[in-house]
Amino acid sequence: MFLLMMNSGTRPNHYTFSSVLDACVGCSSLVMGNQVHACILKFGIPLDVILATSLVDMYGKCGDIEAAFSVFQSMVIKNLVSWNSIIGGYARHGLASRALEEFERMVKSGVVPDEISFINALSACGHGGMVKEGEELFDSMQAKYGMQAEMEHYSCMVDLYGKAGQLEKAEELIKRMPFEPDVVVWGSLLGACGLHSCLEVGEIAANGICKLEQDHPAVYSVLSRIYGANGVRSGVIQLENMVQKWHARKQKAGSWIEYNPRVTW
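Residue numbers (the numbering used here): 1258 to 1522.
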């Protein structure tokens, strides 16, 4: 549609380019994003905070974090969304220290972080194994900003503890949650147990998932690896039998439909 618009002679504005940049993010096309940026410069479209933030977001999500930072640094006015975009970009690229540096710069500039800011910062801590920094951030949500941690924040903390091998802390945090953990939270714990071959906590996480989503395929896969790593052959065999029964139930749940005159599943 954008190409048709250009060919028709209609002049795009900054709203147009912002939408097209979102589309580039959707298809993870850095090449197209670069071309759109070039078009913005060619048409002399001023980089207001909305369009500049879209560029930061596009570059951060499409793989060129340095280009994202370059655009971010050039911005005269930065709003909360702008800061979240660059912090999230660094977190996504595993650059934990730089993500936290931008978080601190944001706070010092007078911009108050929101829930997304903390998700990005905590995610960065998880990538960088920065447990102490993550704990301080998590605690500051309530203590400093009066903000109630949500499921996503707890999931980030469970992931952080899990990657650092602190599985008991992760389990205790789940027990202290003010709401029931979801599949993502239990999945973070189970994934960490698979990484560290922890059987006891892994079974707890698997049970938590199965209570919410019975026959989740990832449970069988990760538990099987944990049993194998711990030499529990009987557990592996039991899981294999459960998987076979699960596949059998899925097949029985299907229905045959005769249609003109082919039979489709």
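Think of the CB as a built atom: it goes at the ideal place given N, C-alpha and C, for glycine as much as any other residue.
According to the DSSP assignment, tyrosine 1402 belongs to no alpha helix (DSSP H), since it is labelled neither H nor E. For leucine 1379, the enclosing alpha helix (DSSP H) covers residues 1372–1385. Going by beta carbons, serine 1354 and glycine 1385 fall inside the 8 Å limit. Counting only runs of 4 or more residues that sit fully inside the segment 1400–1437, the alpha helix (DSSP H) segments are 1408–1420 and 1424–1433, in chain order. A distance below 8 Å between beta-carbons, with the five flanking residues on each side excluded, links cysteine 1382 to the following residues of its chain, in chain order: Ala1353, Leu1357, Val1388, Glu1390, Gly1391, Leu1394, Cys1413 and Leu1417. In the DSSP assignment, isoleucine 1334 falls outside any alpha helix (DSSP H), carrying neither H nor E. Separation of aspartate 1439 and isoleucine 1297 (C-alpha to C-alpha, rounded to the nearest whole angstrom) is 43 Å.
In the three-state DSSP reduction, glycine 1444 falls in the helix class (H, G or I).
Taken through DSSP and simplified to helix, strand or coil, histidine 1473 comes out as coil. If you check the CB distance, histidine 1350 and isoleucine 1322 come in under 8 Å. Counting along the chain, no alpha helix (DSSP H) covers serine 1286, and no H or E run does either.
With contacts defined by Cβ atoms closer than 8 Å, serine 1374 and isoleucine 1344 form a contacting pair. DSSP places arginine 1268 in no alpha helix (DSSP H); its state is neither H nor E.
A residue is called buried once 16 or more other Cβ atoms fall within 10 Å of its Cβ, and leucine 1469, having fewer, is exposed.
For cysteine 1319, the enclosing alpha helix (DSSP H) has its first and last residue at 1306–1319.
Around the CB of lysine 1420, 16 or more other CB atoms lie within 10 Å, so the residue is classed as buried.
Cβ atoms of aspartate 1314 and valine 1282 come within 8 Å of each other, at about 6 Å.
Between valine 1476 and cysteine 1467, the C-beta spacing is below 8 Å. The C-alpha of proline 1269 is placed about 48 Å away from the C-alpha of proline 1435. Counting along the chain, leucine 1357 sits inside the alpha helix (DSSP H) bounded by residues 1353–1365. When only Cα atoms are considered, serine 1445 and glycine 1317 end up about 24 Å apart. In terms of Cα proximity to serine 1331, the closest of Arg1482, Asp1305 and Gly1488 is Asp1305.
Exclusion of the five residues before and after methionine 1363 leaves Trp1340 as the residues of its chain whose Cβ lies within less than 6 Å of its Cβ. The alpha carbon of arginine 1482 has as its nearest neighbour, out of Val1458, Gly1451, Asn1377 and Gly1465, the alpha carbon of Gly1451. Taking the CA atoms as reference points, glycine 1488 sits about 59 Å from threonine 1273. The three-state reading of DSSP puts serine 1481 in helix, counting H, G and I together.
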